[in-house]
Structures are given as structure tokens and as C-alpha cells.
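Read the structure below first, then the notes.
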Amino acid sequence: MDSHRNIAMKTILSLILTLSLSLFGVGSTIAQYGQDFMKLESSTQGVRIPRLTTEARDTIPNPVAGLMILNTDDYCLDMYDGTQWTKNCGFEEASPTVLKAVKPHLPNAKISESGWTVDEQHIYSNKGLKVGINTATPEADLTVNGTLRAVSWYQQNTSPTGFARMGSIIIQWGRTTYENNNIKKVNFPISFSKLLSLTATVVETVNNTLASNKPAKIVKSTYADFEIGGTEVFSTGSNYPEVHWMAIGY
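Residue numbers (numbering that gives the first Met the number 0): 0 to 249.
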């Protein structure tokens, strides 16, 4: 009995040792390369790895680097890199030896082939690349072949006396009053580097109806302010008419 047990144990140990040192082929000949532990080949079947939702994936205790699952929320392959889960959502063959990501879906993924970097808050490039919307040949840093809508500008003040900076162009506007035969100084909300255009119009309403709409006299202008001179222009004899002004520059 003991001899049979010893023979069986030796057989099992020999099999384990043989398997640990061997290369396998499933559905094909044996794996051809020393770095291949197993070679799988089939024209009608595939390999199914564990399928989990993101919620289920995140409950895996102490995942190890290299652990991989199919995420059924987006059908991407999720792999744990030792710190976080990263995604592979597919590749295409850019050349016989180069695979290119079809759908970059990685946190802080760098799209090295195109020079763009994508993180959870930004998409950017430091290589002077141009962006085209509805055009394949953008001429400027951003070329829009269509409509463009801005809910707000990067710098703006939309009060009755305010401004909007649109790229390098600054548009400013405001309201003021002046007394007849006096000079009134008006400060721009922000200073220009160069003033391109300045207009001022005398406006007064009577019973909610426009009573006058005549140019006001601009005495002097600088990049920070301008002066208007007053002349009585109303049949009502108003000494304090309202002036609406607009300035454009950069």
C-alpha cells in the first residue's frame, strides 16, 4: 500500500514539475517562444475574462497590479496598475508594429501620437497644435467653421458701465451726465493699451420716449479716460442730460 502511495505521489510531483517547466498550446501547437507560458489559437472561439460593473470592480479587496476585468458599464478592459484602475477601450493598427488607442479613456492619459494630454479637468497641448471645429484645416489656434456662442467672456463686467475682453479686443461702455458749458471727465472701467474708437451720444427720454439722440463733444481722450464738453441740446432745457458712450481698443 505504501509503495503504491509513494508511486502516486512521485507521479503527481513529476507532473507538477513538468507542467511548471513546460509551454502549452491550446487549440494549436505548443507555444513557440520562451516567454510564452501558453498559446491559445482558435478561429471560432475566444477567451472570456471576468465581467464586472465599475461598482463591483471597486469592491475587489486588495487588487494586485496586472489584474484585469471587462467593465460592463462601458465595455472597456480595466487593468489595475498597482495604484488605480486604468482603461483600454480598443486599439487600431497604426503600422505593422504600432497600435494606436482608438478611444483614450484613461485618467491623465497622454495621447502621445497627437501631442494632446487629457486629464479629468483639461484637454491641452504644449506643441502649438491647432483646433478645427467643422474644418480639417484650421488656420488659427482655434478655427470655427460655424456658429459660436459665448455665455460669458473670460473678463467682463456687464453693469451699465462695464467692459468685455474678447481675446485682445476690449469693448467698454457706460453712462454719465454733464452740466452745460462744463468739462466732464469719464474714467474707463479698465485702461486700454491703445484706444481705437470712442463715441458718445446725448440721450434723454421724456415719458419713456427718446427726446434727443445727438453726438456729444469729446474734448480729450487718453488710454485711461476721456473728457466731454457740454452744450444745451434739449428743448426741455435740461442742464444734466445723460450721455451714453462706447469705446473699442486693446
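The beta-carbon is built from N, C-alpha and C at its ideal position, and this holds for glycine as well.
Legend entry - Same chain only: Cβ atoms within 6 Å of residue 173, ignoring 5 sequence neighbours per side: 160 and 244
Legend entry - Given residue 128 as reference, the closest of 139, 46 and 76 once Cα atoms are compared: 139
Inset, instruction - Give me whichever residues DSSP pairs with residue 161 in a beta bridge. - result: 172
Legend entry - Reduced DSSP secondary structure (H/G/I, E/B, other) of residue 215: coil
Legend entry - Extent of the continuous beta strand (DSSP E) run through residue 54: From DSSP, residue 54 is part of no beta strand (DSSP E) but of the alpha helix (DSSP H) over 53-56.
Inset, instruction - Could you work out which residue in 184, 167 and 168 is closest to residue 281 when comparing CA atoms only? - result: There is no way to answer for residue 281, as the model of the chain reaches only from 0 to 249.
Legend entry - Backbone secondary structure at residue 187 - three-state DSSP: coil
Legend entry - Within 8 Å, strictly: CB atoms of residue 50 and residue 77: no
Legend entry - Reduced DSSP category for residue 70 - H, G, I as helix; E, B as strand; rest coil: strand
Inset, instruction - Using the Cα positions of residue 143 and residue 135, report the straight-line distance between them to the nearest angstrom. - result: 10 Å
Legend entry - Straight-line gap, residue 81 to residue 64 (C-alpha atoms, nearest Å): 4 Å
Inset, instruction - Tell me whether the beta-carbon of residue 192 lies closer than 8 Å to the beta-carbon of residue 249. - result: yes
Inset, instruction - Rounded to whole angstroms, what's the CA-CA distance from residue 75 to residue 147? Just pull it up for me. - result: 34 Å
Inset, instruction - Express the C-alpha separation of residue 149 and residue 156 in angstroms, rounding to a whole number. - result: 14 Å
Inset, instruction - In angstroms with no decimal places, state the Cα-to-Cα distance between residue 170 and residue 116. - result: 34 Å
Inset, instruction - Would you list the one or two residues that DSSP bridges to residue 129? - result: Answer is none; residue 129 lacks a bridge partner.
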